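If you use the working numbering, the sequence shown corresponds to residues -9 to 375, in order. Cβ coordinates follow ideal geometry from the N, Cα and C atoms, glycine included. Predicted model, so just to flag it, every value in this text is computed and none were measured. Report on one structure; see the data block that follows.
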Amino acid sequence: MAFTIKHSTGYRETATIQNEKPTVDRSSKRPPIHYIIWRIGIGGIELGVNHFIHEYSSSHKLHVYGLRAVENTIYDESKVHVELGGLKKGNAYINYFKYCRANSQEYFHLLNVGPIVLLLTLLAGIKNPLYHIRGTVYWNNNFQKLYLKTAWLLSWALSSVVGKIDFICNSLHGISIFQKEVLPLQPELIYNGFEVNTYLKKRHLRTQLKRIAYIGRLHSGKNVHLVIRLFNSIAKDHQGLELHLAGDGSLRPELEAQAQQSPYRDQIFFHGHVDDVPSFYASADLFLFLSAYESFGNVLAEALLTGLPVLTSNIPVFEEIHGGEAAFLLGDPDDYPALERNLADAIARFPELADKAYKTSDYVREKFDIQKHLSEINRIYEKRQ
């Protein structure tokens, strides 16, 4: 079965799921599973639910509940029941509480929806929910910290009454931030998973530097302006070098204006949405990803699966993805002179960097295969059902 996936980065990919499972009777004793997300739309979390639907729709009755008012464009409603609380009359939180009450004997998998939603879930009588942490920023100011941390603490206390919450997180880095900022408990580690063969088909060894790429959202915190600035610093010494940026976001007009000020403006290309993501990786020779914060970094894993050399900011989770390979570390985004020096050094040893990336793809394939991820998720389900 072929279908189009629109990624969190804003581009599309046509994917094929082989050996589609036959439709079977789902009226067994296994309880339905409810996936709770903020909104149904573009995003790694939301699209990841498609893997759950494909894996579990033959054995469970599945539901997706979106708290915000966004119409479903990504889920096959012949396999999953979709409900949009934000499109109903009334407050979205009240609507969600009513939804929980109506399904209080069933299993809830909450995907990074925040402590207010978790607290409402428990107050409504949902027992033993699974809370999936995929993020490292929990509040933006002291006022938010006050009420959100209070909600976390109340949820934790209430769980001793209504049943233990299973916390899972997609990186060791994410776990450490959660423990430091939120609650002193130990979430279980389950890494994100990928259809690795889709990307491995495009794997090849890069031999020369012609195209630098950025792939991801054009949003604050991704530091795409630094990618353009670094490109300007090296383009003068590499005739014909190009910069290709895939993805979209609120900062695109600002970044395009920055590119227009470059003396190498004719060598900078904004692609917006691209249809074939693995081929985009395959067309590049070097990937710069200088995000200020991440709980994982899907695009980094995808890029490495194609053998694409990467240079990243110094976020610990990136070391988890590439196995601690020091050659891929560009440095602290707040220290631009160091970034510039390290980039020049990396380019000077480009054949070595390319060889490391090609070899690292085997490590990434073994660690982040989607079947490994689904097996771990299913283990959590089984112990509660």
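| query | Since CYS159 sits in a beta bridge, which residues does DSSP pair it with? | reply | ILE123, LEU179
| said: Contact defined as beta carbons within less than 8 Å: I believe VAL289 pairs with ILE367. What is the distance between those atoms, to the nearest angstrom? | reply: At roughly 22 Å, the Cβ-Cβ gap does not stay under 8 Å, so VAL289 and ILE367 are not in contact.
| query | Per DSSP, what kind of secondary structure is GLU366 in: helix, strand or coil? | reply | helix
| query | What's the gap between the Cα of LEU241 and the Cα of LEU208? | reply | 5 Å
| Sequence-distant residues of its chain with Cβ nearer than 7 Å to TRP146 (five each side left out) | LEU173
| field | Closer than 7 Å to chain C by CB, LEU74 | value | The question asks about chain C, but that chain is absent: this structure has only one protein chain.
| Beta-carbon proximity of LEU295 to VAL217, cut-off 7 Å | no
| Cα-Cα separation, ARG29 to ILE360 | 23 Å
| Given that a residue counts as buried once 16 or more other Cβ atoms are within 10 Å of its Cβ, and exposed if not, what is LYS212? | buried
| query | Quick one, are the C-beta atoms of PRO268 and THR197 less than 7 Å apart? | reply | no
| field | Euclidean distance between Cα positions of ALA5 and LEU136 | value | Because the pLDDT at ALA5 is just 43, under 50, the model does not fix this residue reliably, and the point stays unresolved.
| In terms of residues, what are the limits of the alpha helix (DSSP H) holding VAL186? | 186 to 190
| request: Using a threshold of 7 Å, state whether the C-beta atoms of THR236 and VAL214 are closer than that. | output: One detail in the question is off: residue 236 reads as Ala in this sequence, not Thr. No, Cβ-Cβ distance for ALA236 and VAL214 is not below 7 Å.
| said: Which residue wins for smallest C-alpha separation from GLU356, given the options ARG58, ALA203, GLU284, GLU310? | reply: GLU310
| query | Using the rule of at least 16 other Cβ atoms within 10 Å of the residue's Cβ for burial, across every protein chain shown, is ASP15 buried or exposed? | reply | Reliability fails at ASP15, whose pLDDT of 47 lies under 50, so the model's placement of it is uncertain and no value is given.
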